[in-house]
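Notes for the one structure printed next.
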Amino acid sequence: MTWHLAPEPFDTQDATSLRRDYYDEVASRYWKRPATREEIDQGLADDGAELLTPPTGQFVVGRFDGEAAACGGLLMLDSGRAELTRVYLRPSFRGRKGADLLLELLESEARLLGATQMVLNTRLDLVEARSLYARHGYDEIPAYCTGPYIEIWYGKELDRPD
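The numbering used here numbers the first residue of the sequence shown as 96 and each following residue consecutively.
Structure representation (structure tokens):
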């Protein structure tokens, strides 16, 4: 059983399915009820995913034994900062080291686009994600953006490639 992670357009069938599952989980947890299909559609409409392609960003899909299981994106904010976004593992694939591999690849892709720092924002109730970021050296930083669903910000300096 193995992971294969690679950049992939945000709008492929697998990437779209993963993005829908991501939105469903984070919205349902926030609202404390299942998100409806219409709410998911609305949340994904004009969500800026088209920027997750070089040179403005990157989107990555992870497959476990060929099955779409994980995704994540990065968005270049300026000449040196990339924002980590839409990091998601389907629940049945958690605990299999896919999140670690996903973050490593996204950081590598950010370096290729010229980033020297990775930043992200999240909510306090997404404790699994916050734990993942802390394990990978992300520290709490001052706010760099605002929004109704943003409660905490993290950042990490990226090592230069060898």
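Beta carbons are placed, not taken as given, at the ideal position from N, Cα and C, and that holds for glycine.
Problem set entry | Beta-carbon gap between residue 249 and residue 217 smaller than 9 Å | Against the sequence shown, residue 249 aligns to sequence position 154. Against the sequence shown, residue 217 aligns to sequence position 122. A contact, by the Cβ cut-off of 9 Å.
For this session: For residue 251, I'd like the list of residues in its chain whose CB is within less than 6 Å of its CB, leaving aside the five on either flank, ordered along the chain.
Result: For the purposes of this step, residue 251 is taken as residue 156 along the sequence shown, with counting starting at 1. Here the set comprises 213, 232 and 233.
Exercise. Any idea which residues DSSP pairs residue 137 with across the strands?
Worked result: If you number the sequence shown from 1, residue 137 lands on position 42. Answer is none; residue 137 lacks a bridge partner.
Problem set entry | Contacting residues, own chain, Cβ-Cβ under 8 Å from residue 122 (five flanking each side not counted) | As a first step, residue 122 is located in the sequence shown; it is residue number 27 there, counting from the start. Taken in chain order, the residues that qualify are 130, 134, 135 and 138.
Problem set entry | CA nearest to the CA of residue 247, picked from 254, 226 and 253 | In the sequence shown, the residue the question calls residue 247 occupies position 152. Selected option, being the one with the closest Cα: 226.
Exercise. Run through DSSP, which three-state label would residue 100 get?
Worked result: Start at 1 with the first residue of the sequence shown, and residue 100 comes out as number 5. Strand, per DSSP.
Problem set entry | Delimiting residues of the beta strand (DSSP E) encompassing residue 111 | For the purposes of this step, residue 111 is taken as residue 16 along the sequence shown, with counting starting at 1. Element bounds for residue 111: not the beta strand (DSSP E) but the alpha helix (DSSP H), 108–126.
Problem set entry | Cβ pair residue 117, residue 183 closer than 9 Å | Counted from its first residue, the sequence shown places residue 117 at position 22. Counted from its first residue, the sequence shown places residue 183 at position 88. Yes. Within cutoff.
For this session: Count the other CB atoms, across all protein chains shown, that sit within 10 Å of the CB of residue 222; report buried if there are 16 or more and exposed otherwise.
Result: What you label residue 222 is simply residue 127 of the sequence shown in a count that begins at 1. That one is exposed.
For this session: Find out if the Cβ-Cβ distance for the pair residue 144, residue 185 is shorter than 9 Å.
Result: Residue 144 sits at position 49 when you count from the first residue of the sequence shown. Residue 185 sits at position 90 when you count from the first residue of the sequence shown. By the CB criterion at 9 Å, residue 144 and residue 185 fall outside the cutoff.
Problem set entry | Close-in-space but distant-in-sequence residues of the same chain around residue 102 (CB under 7 Å, 5 per side omitted) | If you number the sequence shown from 1, residue 102 lands on position 7. The residues are 153, 154, 155 and 204.
Exercise. Any idea what DSSP makes of residue 132, helix, strand or coil?
Worked result: Locating residue 132 in the sequence shown gives position 37, where the first residue counts as 1. The answer is helix: DSSP assigns residue 132 an H, G or I state.
Problem set entry | Secondary structure, alpha helix (DSSP H): runs of 4+ residues fully inside the stretch 161–238 | Counting whole runs of 4 or more residues, the stretch 161–238 contains the alpha helix (DSSP H) stretches 193–207 and 222–230.
Exercise. Residue 132 to residue 115, Cα distance in whole Å?
Worked result: Counting from one through the sequence shown, the residue named residue 132 turns up at place 37. Counting from one through the sequence shown, the residue named residue 115 turns up at place 20. If you take the alpha carbons of residue 132 and residue 115, they lie about 9 Å apart.
Problem set entry | Reference residue 168; option with closest CA among 236, 177, 209 and 161 | As a working mapping, residue 168 is identified with position 73 in the sequence shown. Here the closest residue by C-alpha is 177.
For this session: Measuring alpha carbon to alpha carbon, tell me which of 124, 211, 120 and 160 ends up nearest residue 99.
Result: Stepping through the sequence shown from its first residue, residue 99 is reached at position 4. Comparing Cα-Cα distances from residue 99 to each of 124, 211, 120 and 160, the minimum goes to 160.
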